[in-house]
Amino acid sequence: MNNKKVLLVTPPYHCGVVESAGRWPNLGFMYMAGELEKAGHSVEIYDAMSKFHDLEQIRETIGRIKPVFIGVTAITATIHAALDVLKTARQEIPGITTILGGVHPTFCYEEIFADHGGLVDYCVIGEGELTLPELVSAHEKGEDLSKVQGIAYKADGKLQRTAVREFIADLDSLSPAWHLVDWNDYPLYFLDDSRVAIVSSSRGCVHTCTFCSQHKFWQGSYRERDPHRFVSEIELLSKTGVNVFFIADEYPTYSRERWVKILDLLIEKNLGVHILMETCVGDILRDEDILHRYKEAGILFIYLGVESTSDSKLQEFKKETSFQNSKKALGLIRDRGMIVESSLILGGPDETPESIKETLELAREYNADFMHFLLLAPWPYADLYKELEPYIEVRDYSKYNLVEPVIKPRAMNRDQLMKEVLNCYKQYYMRKLPEWAAMRGNDLKKTCLINGMKAIMENSFLKDHMTGLGGMPDHVMKLIKTLI
Ligand code: B12
23 MNNKKVLLVT PPYHCGVVES AGRWPNLGFM YMAGELEKAG HSVEIYDAMS KFHDLEQIRE
83 TIGRIKPVFI GVTAITATIH AALDVLKTAR QEIPGITTIL GGVHPTFCYE EIFADHGGLV
143 DYCVIGEGEL TLPELVSAHE KGEDLSKVQG IAYKADGKLQ RTAVREFIAD LDSLSPAWHL
203 VDWNDYPLYF LDDSRVAIVS SSRGCVHTCT FCSQHKFWQG SYRERDPHRF VSEIELLSKT
263 GVNVFFIADE YPTYSRERWV KILDLLIEKN LGVHILMETC VGDILRDEDI LHRYKEAGIL
323 FIYLGVESTS DSKLQEFKKE TSFQNSKKAL GLIRDRGMIV ESSLILGGPD ETPESIKETL
383 ELAREYNADF MHFLLLAPWP YADLYKELEP YIEVRDYSKY NLVEPVIKPR AMNRDQLMKE
443 VLNCYKQYYM RKLPEWAAMR GNDLKKTCLI NGMKAIMENS FLKDHMTGLG GMPDHVMKLI
503 KTLI
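One rule links them: number in the working numbering = place in the sequence shown (from 1) + 22.
Spelled out as structure tokens, the structure:
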């Protein structure tokens, strides 16, 4: 590796959920690296998270590349790991300039500077593509930093927050630096010979779910890319051997007209690629008449975060849907031969062992192929935070990963909560496995489901809890062995 001016690093954090299914490149870094290069700055992306590197390996890599600037991304769960990277960088190269960006620094930069001011030179607030190259240039040239919009930094011991950076008006003006990726680093464990890219067709979310950060991050805005430009990007990447595309959008289907155009173009180009995406219940119901076109376009996998089985909870979460609608939407995706994954959020203050059992029963009615029984994570900037605050027992952000209990419900302790959640997984998949074994036809779906289960059992956080749960009954274990 040659020396590079800017090194962008993902924090070495793992909680054994999404990373158990595959390795995923960091899209924000692709976009920022593209804009840094346009501005004449050399850059390297170092996905330490996906490479499963530890801090010693990170130290060696930083020592070898000798960057002048290091940029690290952080969501709430990864902030401590991100700060560890900056600390390591400072030890290795004392004069290095350190930059943090992403959803956590965007909302919590004051706390970061108060607690770790010595480690962090700049926090970038919001989108980084325009801010980062400008910041790097201004810092290098010793220009007035107060003119760089969208940053926070300390000057003369005082925290400065510059003017708000407007969102990028034309997302198609950006050019992700795909040439920096070694695609062999990014397999999806469900599919042999797969290479995964994360792509984006829109930014923003118009929903206001109370537990989520994303509508706040994008301030309720919604921007779309041109369908032709988006599909051409997929086509271009497919020619370099990428065959799986994860659409990062919070809400790709918002405009039916634009979405249909994307599907039409994908069908017309017939690229032989597989697409993974997320959307909401309402749009699946809206698109019932064209769901077969989703499949024709290559959509293999849809994540619908239904989040609850109770209508009153759904209202509280502002999910804008109901149990019956969610059930119908999940069923439609399954019936059209695509894989449907979903999640339920448990562990709020009013949770009880009984309410969890009830959720499990109704989750079986939802009957998603993969179901996650997640635990509420109180992001300090989400709408729900104030209500959850009195029940938070764990302040360590690294546990705010949706799988570790940090809130204590009134009627149970956190250990009981965890036990009940693990039991949900066990009971849910014990019924799923025989169903999958009996599946006829649609070999691709069957292969993905079984490989998915294998990935869960071998790589996910559940692996460590199998024995604590008393394991799976013998007949299920035998079945698993015949399938895998
Ligand atoms: C892709 C993705 C991932 C990938 C990350 C791949 C990688 N190599 O980093 C994978 C699948 C591994 C992943 C895992 C997890 N994720 Co995730 N993920 C996403 C997703 C779907 C898209 C992110 C994205 O690409 N956005 C588009 C880009 C353009 O935006 P961006 O990332 O915010 O980056 C921009 C700015 O934030 C800023 N920026 C970001 N970083 C930096 C750094 C610097 C230096 C600068 C200057 C600027 C900057 O500039 C970027 C360009 O504008 C989002 C949901 C969503 N739709 O956004 C969830 C999301 C980010 N994930 C989330 C979570 C909770 C997780 C997990 C903890 C889930 C779990 N239990 O497994 C794990 C953590 C794993 C880990 N080890 O880090 C949450 C974070 C919530 C929060 N507020 O903290 C989100 C928001 C989902 C949600 N709705 O709750 N995730």
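Using N, Cα and C, we set each Cβ at its ideal position, and we do this for glycine too.
Same chain, Cβ closer than 7 Å to Arg280, neighbours up to 5 away in sequence not counted: Apart from sequence neighbours up to five positions away, the residues of its chain that approach Arg280 with a beta-carbon distance below 7 Å are Glu246, Pro249, ordered along the chain.
Check Ser159 in the structure and name its three-state DSSP category. If DSSP states are grouped into helix, strand and coil, Ser159 belongs with the helices.
Can you tell me where the beta strand (DSSP E) with Gln171 in it begins and where it stops? Per DSSP, Gln171 is not a residue of any beta strand (DSSP E), being assigned neither H nor E.
Determine which residues share a DSSP beta bridge with Gly93 and list them. Per DSSP, Leu30, Ile121.
Output the distance between the C-alpha atoms of Met23 and Gly148, rounded to the nearest integer angstrom. Only weak support exists for where Met23 lies, its pLDDT of 48 falling under 50; the coordinates are left without a value.
Could you tell me how far apart the beta carbons of Ala96 and His126 are, in whole angstroms, since I believe they sit closer than 8 Å? That pair is a contact at about 4 Å.
Mind checking whether the beta-carbon of Ser72 lies closer than 7 Å to any heavy atom of ligand 1? Within the cutoff, so yes.
Ligand 1 heavy atoms versus the CB of Met475: any closer than 7 Å? Met475 Cβ: outside cutoff for every heavy atom of ligand 1.
My assumption, with CB atoms under 8 Å, is that Ile84 sits in contact with Ile121. Please give the rounded CB distance. Wrong, their Cβ atoms sit about 14 Å apart, outside the cutoff.
For Leu396, count neighbouring C-beta atoms within 10 Å of its own C-beta (all shown protein chains included) and say buried if the count is 16 or more, exposed if not. Residue environment analysis places Leu396 among the buried positions, since at least 16 neighbouring C-beta atoms fall within 10 angstroms of its C-beta.
Can you check DSSP and say which residues form a bridge with Cys37? Under DSSP, no beta-bridge partner is assigned to Cys37.
Kindly provide the ranges of any beta strand (DSSP E) runs that are 3 or more residues long and lie completely inside the segment 272 to 351, ordered along the chain. Runs of the beta strand (DSSP E) inside the segment 272 to 351: 296 to 301, 321 to 329.
Which whole-angstrom value describes the C-beta separation of Val282 and Ile321, a residue pair presumed to lie in contact below a C-beta threshold of 8 Å? The Cβ separation is near 13 Å, so there is no contact.
For Gln182, the three-state DSSP class (helix, strand or coil): Residue state, collapsed to three classes: strand.
Cβ-based burial, Gly124 [other Cβ within 10 Å; buried from 16]: Classification for Gly124: buried.
Where Arg225 falls: helix, strand or coil (DSSP): DSSP places Arg225 within a strand segment (E or B) once states are collapsed to three.
From His497 to Tyr451, what distance separates their C-alpha atoms? Their backbone Cα atoms lie some 13 Å apart in a straight line.
Taking the straight line between their C-alpha atoms, what separation do you get for Leu424 and Glu41? Answer to the nearest angstrom: the Cα atoms are 14 Å apart.
Given that a residue counts as buried once 16 or more other Cβ atoms are within 10 Å of its Cβ, and exposed if not, what is Ser334? The residue is exposed, with fewer than 16 neighbouring Cβ atoms inside 10 Å.
Residues bridged to Met393 (per DSSP): Its beta-bridge partners are Ser364.
With Tyr144 as the anchor, note down where its beta strand (DSSP E) starts and where it stops. Tyr144 -> beta strand (DSSP E) spans 144 to 146.
Which of helix, strand or coil DSSP assigns to Phe252: Phe252 falls in the helix class under three-state DSSP.
Hey, is Ala459 close to ligand 1, as in C-beta under 7 Å from one of its heavy atoms? No, Cβ of Ala459 sits at least 7 Å from all heavy atoms of ligand 1.
Measure the beta-carbon distance from Ser348 to Met393 and round it to whole angstroms, keeping in mind my assumption that it falls under 8 Å. About 12 Å separates the two Cβ atoms, so there is no contact after all.
Grouping DSSP H, G and I as helix and E and B as strand, with all else coil, what is Met23? With a pLDDT of 48 at Met23, under the threshold of 50, the modelled position of this residue cannot be trusted, and the question is left open.
Would you mind working out which of Arg45, Val90, Gly38, Ala99 sits nearest Arg417, comparing C-alpha positions? Here the closest residue by C-alpha is Ala99.
With burial defined as no fewer than 16 other Cβ atoms inside 10 Å of the residue's Cβ, what is the status of Pro155: buried or exposed? Per the 10 Å Cβ criterion, buried.
Output yes or no for whether 8 Å exceeds the beta carbon distance between Tyr276 and Val218. Using a Cβ distance threshold of 8 Å, Tyr276 and Val218 do not count as a contacting pair.
Give me the DSSP bridge partner(s) of Phe267. Ala219, Ile297, per the DSSP bridge assignment.
Anticipated Cβ contact below 8 Å, Ser330 with Asp271, distance rounded: By a beta-carbon distance limit of 8 Å, Ser330 does not contact Asp271. Their separation comes to about 23 Å.
Give a yes or no on contact between the segment 259 to 266 and the segment 206 to 220, applying the rule of three or more CB pairs nearer than 8 Å. Flag = yes, the segment 259 to 266 and the segment 206 to 220 touch.
Name the DSSP bridge partner or partners of Tyr68? Answer by DSSP bridge pairing, in chain order: Val31.
What does the Cβ neighbour count give for Asn464, buried or exposed, with the cut at 16 atoms within 10 Å? Within 10 angstroms of the beta-carbon of Asn464 lie fewer than 16 other beta-carbons, which makes it exposed.
Around the Cβ of Asn25, are there at least 16 other Cβ atoms within 10 angstroms (buried) or fewer (exposed)? With fewer than 16 other Cβ atoms inside 10 Å of its own Cβ, Asn25 counts as exposed.
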